[in-house]
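Residue numbers (the working numbering), protein chains in the order written: chain W, 1 to 115; chain G, 116 to 227.
Below is one structure, written out as structure tokens; the observations come after it.
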């Protein structure tokens, strides 16, 4: 069964350090999302890609977060510098159709702890 | 501002009982209402979804009830099983929108 792959599963870092997360969506899924899930809350959209183009990054804290999907396949989310409040689960999802009214397939997430 | 309000925060049900989780929204442009199930250490997975042209959708033991006038929808899990123990998120979005707004989640525990 096709899955969304994410790495690393766990990352512990000190504040002010740089961190990066990688996501490989399901093959053929042109739409890719990065969500942040704070413990005890629902996922919140950070950025959405359609192929290699950013469709929505209105909720991405651009002073410290960046995301890219250079060849329209896998994607990287970077945080520099990390802050204590960035501790969360970072979820990648992909979908076959553009827009938020289709099924989203989520990876297992990357859990970030900032000390 | 929370686009989708979900309750209760946690729920304990006996095996065989009915689990009910409620959600409410304000944005009348929303026309897609999915429920996602998340097990510990896993990402959310789509469980069932409904559009406002119907008031109820059933898939096995899972049923969504939708009340358009009240702007509320709920998930009913019939004959709840210990394997249903997970966190459930309601969500909402509108046609053409990019963002799927999630509720805060309900942690369901089914006691054997």
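All C-beta atoms, glycine included, are put in the ideal place defined by N, C-alpha and C.
Proximity test, Cβ basis, 7 angstroms: residue i and chain G
i: residue 21 of chain W; result: no
i: residue 72 of chain W; result: no
i: residue 61 of chain W; result: no
i: residue 80 of chain W; result: no
Chain W within 7 angstroms of residue i, Cβ atoms only
i: residue 223 of chain G; result: no
i: residue 157 of chain G; result: yes
i: residue 220 of chain G; result: yes
i: residue 126 of chain G; result: no
i: residue 162 of chain G; result: no
i: residue 177 of chain G; result: no
Listed by chain order, chain W residues near residue i by CB distance under 8 angstroms
i: residue 181 of chain G; result: What residue 181 of chain G touches in chain W: nothing, since even the nearest Cβ is about 15 angstroms away.
Where residue i falls: helix, strand or coil (DSSP)
i: residue 149 of chain G; result: strand
i: residue 56 of chain W; result: strand
i: residue 24 of chain W; result: strand
i: residue 70 of chain W; result: coil
i: residue 84 of chain W; result: helix
i: residue 77 of chain W; result: strand
i: residue 120 of chain G; result: strand
Chain-ordered neighbours of residue i on chain W, where CB pairs are closer than 7 angstroms
i: residue 142 of chain G; result: Within chain W, no residue comes near residue 142 of chain G; the closest Cβ sits about 13 angstroms away, beyond 7 angstroms.
i: residue 122 of chain G; result: The contacting residues do not exist; residue 122 of chain G stays about 13 angstroms from chain W at best.
i: residue 185 of chain G; result: None at all; the shortest Cβ gap to chain W is about 21 angstroms.
The beta strand (DSSP E) enclosing residue i, as first and last residue numbers
i: residue 38 of chain W; result: Unbroken run through residue 38 of chain W: none, as it is neither H nor E.
i: residue 191 of chain G; result: 187–192
i: residue 137 of chain G; result: 134–140
i: residue 7 of chain W; result: 5–7
i: residue 224 of chain G; result: 221–226
Partners in chain G for residue i, counting only beta-carbon separations shorter than 7 angstroms
i: residue 55 of chain W; result: 213
DSSP beta-bridge partners of residue i
i: residue 106 of chain W; result: W:93
i: residue 182 of chain G; result: G:187
i: residue 177 of chain G; result: G:174, G:192
i: residue 44 of chain W; result: W:36
i: residue 161 of chain G; result: G:151
i: residue 121 of chain W; result: The requested residue 121 of chain W does not occur in the structure, where chain W is confined to residues 1 to 115.
i: residue 201 of chain G; result: G:223
Closer than 9 angstroms at the beta carbon, the chain G residues around residue i
i: residue 112 of chain W; result: The contacting residues do not exist; residue 112 of chain W stays about 15 angstroms from chain G at best.
Interface partners of residue i on chain G, CB under 8 angstroms
i: residue 107 of chain W; result: 158
Contacts of residue i in chain W (Cβ-Cβ under 9 angstroms)
i: residue 204 of chain G; result: 42, 43
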